[in-house]
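Q: In my numbering, the protein residues as written are 37 to 211. We treat Cβ as the ideally placed atom computed from N, Cα and C, and that holds for glycine. Remember, predicted model here, so these are calculated numbers, not experimental data.
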Ligand SMILES: [Zn+2]
Ligand SMILES: [Zn+2]
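1) Report all residues for which the CB-ligand distance to some heavy atom of ligand 2 is below 6 Å; order them along the chain.
2) Ignoring anything shorter than 3 residues, give me the beta strand (DSSP E) runs that lie fully in the stretch 90-118, in order along the chain.
3) Taking only beta-carbon atoms, is residue 199 less than 8 Å away from chain C?
4) Assuming the contact rule is C-beta atoms closer than 8 Å, residue 78 and residue 98 should be a hit. Round their C-beta distance to whole Å, please.
5) Cutting at 7 Å between CB atoms, please list the residues of its own chain near residue 47, excluding the five before and the five after it.
6) Short check: CB of residue 39 to CB of residue 112, under 8 Å?
7) Roughly how many whole angstroms lie between the Cα atoms of residue 108 and residue 168?
8) Measuring alpha carbon to alpha carbon, tell me which residue in 59, 147, 91, 87 is nearest residue 104.
9) Could you check if residue 32 is buried or exposed, using at least 16 other CB atoms within 10 Å of its CB as the buried criterion?
10) In this structure, does DSSP put residue 54 in helix, strand or coil?
11) Between residue 204 and the rest of its own chain, which residues show a CB-CB distance below 8 Å, the 5 nearest in sequence each way excluded?
12) Is it the case that the Cβ atoms of residue 128 and residue 65 are separated by a distance below 8 Å?
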């Protein structure tokens with residue numbers, strides 16, 4: 037594994053860079069966690085994405101903190117040091133069977149009370165469409181839009197987390 041100055045390793049799912057000294061996720065299954073070749077994931081969602089192919093019977097995402105630049109340099113320089121650090125392990129997600137493949141694509145683990153709610157102001161949206169084109173808007177349009185908003189928010193959360201923030205900002209949204 038080569039040493040890269042500006043980040044630690046890329047996420048094994050989405051290839052986004054995982055920085056030094058930040059939270060990342062590792063699979064609890066030993067075949068997924070070789071010292072240098074093991075998978076590392078930037079989010080629990082990215083960890084979930086390897087499940088359908090991996091066919092684990094029982095797996096969890098383990099929250100860890102990536103090494104500092106100095107630790108990683110040392111690790112690559114002298115072989116037998118263990119990967120990552122020794123902070124206590126926390127199992128954040130458990131799943132008995134890799135069912136995520138058959139799950140509807142709109143849903144992710146960590147469901148919320150808003151998963152099936154309408155997130156747009158329907159009357160205002162209808163007014164906009166009416167004034168713009170004098171068209172009507174059917175009710176299922178707001179359901180689909182709400183799904184889009186949830187997905188955009190999920191992605192924005194991933195970006196804010198990768199950036200070490202707990203507030204999602206305008207710049208976290210990308211179409
Ligand atoms: Zn990722
Ligand atoms: Zn795994």
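A: Per the coordinate set shown:
1) 63, 65, 68, 86, 90, 92, 95
2) 95-101
3) In the structure shown, chain C does not exist; there is a single protein chain.
4) In the chain shown, residue 78 corresponds to position 42, counting from 1. In the chain shown, residue 98 corresponds to position 62, counting from 1. Wrong, their Cβ atoms sit about 14 Å apart, outside the cutoff.
5) As a first step, residue 47 is located in the chain shown; it is residue number 11 there, counting from the start. Taken in chain order, the residues that qualify are 54, 76, 77, 78, 82.
6) Here the question's residue 39 lines up with position 3 in the chain shown. Here the question's residue 112 lines up with position 76 in the chain shown. Going by C-beta atoms, residue 39 is nearer than 8 Å to residue 112.
7) As a first step, residue 108 is located in the chain shown; it is residue number 72 there, counting from the start. As a first step, residue 168 is located in the chain shown; it is residue number 132 there, counting from the start. Cα to Cα, residue 108 sits roughly 56 Å from residue 168.
8) Within the chain shown, residue 104 is the residue found at index 68, counting from 1. With distances taken between Cα atoms, residue 104 lies closest to 59.
9) With the chain running from 37 to 211 in the structure shown, residue 32 is simply not present.
10) As a first step, residue 54 is located in the chain shown; it is residue number 18 there, counting from the start. Residue state, collapsed to three classes: strand.
11) Within the chain shown, residue 204 is the residue found at index 168, counting from 1. Contacts found: 189, 192, 193, 195, 196.
12) Position 92 of the chain shown, counting from 1, holds the residue named residue 128. Position 29 of the chain shown, counting from 1, holds the residue named residue 65. For residue 128 and residue 65, no; Cβs fall outside 8 Å.
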